[in-house]
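Everything below concerns the one structure shown next.
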């Protein structure tokens with residue numbers, strides 16, 4: 001019987017794989033090579049705290065198409081803009097006025113989203 005890798009090793013591999021499949025081309029290739037099947041078939045002994053979040057994110061990246069990715073990125077950018085605006089304008093939730101937010105705070109919030117796939 002083959003011994004499964006320790007949870008720490010699985011954690012590192014999943015984290016690395018998330019970085020590798022950040023473009024649709026590599027995600028599709030990984031999916032075609034059976035990556036999703038291997039991830040789903042991981043034995044319980046390989047699980048670690050937070051493994052379900054990593055597996056969910058990884059499977060989402062493997063299965064999403066370009067239209068889904070674009071819609072998700074647009075929604076997340078809108079969400080970040082709303083959070084920044086509310087944080088910098090706590091008294092006027094939906095009221096009129098000039099929004100106060102810095103370019104730095106905006107870029108810091110949306111950089112991970114944009115880095116996901118800059119072409120989308």
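Numbering (our numbering), first residue to last: 1 to 120.
Ideal Cβ positions, reconstructed from N, Cα and C, are used throughout, including at glycine.
query                                                                                               : result
Nearest-angstrom Cβ-Cβ length linking residue 73 and residue 116, presumed shorter than 8 angstroms : 7 angstroms
Where residue 65 sits in the DSSP three-state scheme                                                : coil
Reference residue 47; option with closest CA among 12, 114, 77 and 32                               : 12
When 59, 51, 119 and 84 are compared against residue 6, the one with the closest alpha-carbon       : 51
Coil, strand or helix - residue 5 by DSSP                                                           : coil
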